[in-house]
Amino acid sequence: MARVEDLTVGTTGVRARRYRPSETVRALVVFLHGGMWTIGDLDSHDRACRRLARETGAAVLSVDFRRAPEHPWPAAVDDCVDVIRWAATGGSSSAGIEGPTAVMGDSSGGNLAALACLRLRDEGGPLPAAQILVYPNTDLTLSHSSTRTKATGWGLATDDVAWGAEQWVPDPSRRADPDVSPVFAPDLGGLPPAVVVTAEHDPLRDEGDAYAARLAAAGVPVRHRREAGMVHGFLTLDTVSPAAAAAGDRVLADVADLLAHLA
């Protein structure tokens, strides 16, 4: 990287880390890390953000949003919306970063990215130019079939996801709320173009596939792929699995191509 900076951004002073692969960048990607809304931080996804910046030529702003159980929903969404709004209304240009602002998240970070886009749409923007959702949580009720057929034995267990959902949204009656589970949003029209990538052997597979299908049905341009043979979390498994590294490279190529078409 040409430069890596820890900083606070937004109106509420959210901690973040900005990566610049060179002094001249063509876009900004706001990155929201996974970790069942409870774990993960700027360091857990540091390597993934460096790969993202290197392969796309974009600056990356990784967000250290508040986490459960100390900070249940909607704290994380509030932080992510604040950072995206800050970036899109001058925060990027003030740092010499021109071009479009996109949002990307993996796993629960994908959930936050989707929820942030929905809230910004409903509040009148500014919307990010694109959303990239990698094996995202979209249904906290865990009602899709892959939560049963891929419940154990593939790295991420459905019981672990259920635990994270309980920490973030303690009231089970809220977990089908569209403000928590974006797959239940009545209208997905008017959202940014999307890349949605899921993994074959992942309890979250079907809810991610369903969200991609609903986005497309609502007229949102979607690039959707299910990575054959992959497990949840492959984006951060590149140092232990050549297959995971290749799958991650395909995601990063998708992001680079989408940004190129937005510029």
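Per UniProt numbering: the sequence shown = residues 1 to 263.
The beta carbon of each residue, even a glycine, is placed where N, CA and C say it ideally should be.
query, result
"For the candidate residues ILE132, ASP238 and ARG121, whose alpha-carbon lies nearest to that of ALA102?", "ILE132"
"Could you name the residues that DSSP lists as bridge partners for GLY105?", "LEU32 and LEU133"
"At which residue ranges does the stretch 53 to 124 contain complete beta strand (DSSP E) runs of 3 or more residues, listed in the order of the chain?", "59 to 63 and 101 to 106"
"If you draw a straight line from the C-alpha of LEU142 to the C-alpha of GLU23, how long is it?", "43 Å"
"Does the beta-carbon of VAL134 have 16 or more other beta-carbons within 10 angstroms, so that it is buried, or is it exposed?", "buried"
"Taking C-beta to C-beta, are ARG15 and ASP46 nearer than 8 Å?", "no"
"Reducing DSSP to helix, strand and coil, say where GLU5 ends up.", "strand"
"If the criterion is Cβ atoms closer than 8 Å, does the pair ALA244 and LEU252 meet it?", "no"
"Starting from VAL251, trace the alpha helix (DSSP H) both ways and give me its first and last residue.", "242 to 262"
"Tell me which same chain residues have a C-beta within less than 7 Å of the C-beta of ASP122, skipping the five on either side of it?", "none"
"For THR198, which of helix, strand or coil comes out of DSSP?", "strand"
"Quick one: which unbroken alpha helix (DSSP H) runs of 4-plus residues sit fully inside the stretch 148 to 222? Chain order, please.", "158 to 168 and 205 to 217"
"Kindly indicate which residue of ARG17, TYR211, ALA27 and SER108 has the alpha-carbon position closest to the one of LEU156.", "SER108"
"Please state the DSSP three-state secondary structure of ARG26.", "coil"
"Below 8 Å on the Cβ atoms is my guess for PRO69 versus GLN167; work out the distance and round it to an integer in Å.", "4 Å"
"In the DSSP output, what is ALA48 paired with across the bridge?", "According to DSSP, which records beta bridges pairwise, ALA48 is partnered with nothing at all."
"Based on Cα-Cα distance, which residue from LEU120, MET1 and ALA246 lies nearest to ASP78?", "LEU120"
"Of all the options ALA256, GLY91, HIS144 and GLY248, which has the alpha carbon lying nearest to the alpha carbon of GLY10?", "GLY91"
"Applying the 10 Å Cβ sphere with the 16-neighbour rule, what's the burial state of SER146?", "buried"
"Can you pull the DSSP bridge partners for ALA16?", "LEU7 and VAL63"
"Whose C-beta lies closer than 7 Å to the C-beta of HIS144 among residues of the same chain, with five residues either side of it excluded?", "ASP206, GLU207 and ALA210"
"Nearest by alpha-carbon distance to ARG148: which of ASP202, LEU259 and PRO136 is it?", "ASP202"
"Taking Cβ positions, are ASP106 and GLY34 nearer each other than 8 Å?", "yes"
"Do LEU61 and ARG3 have their beta-carbon atoms positioned less than 8 Å apart in this structure?", "no"
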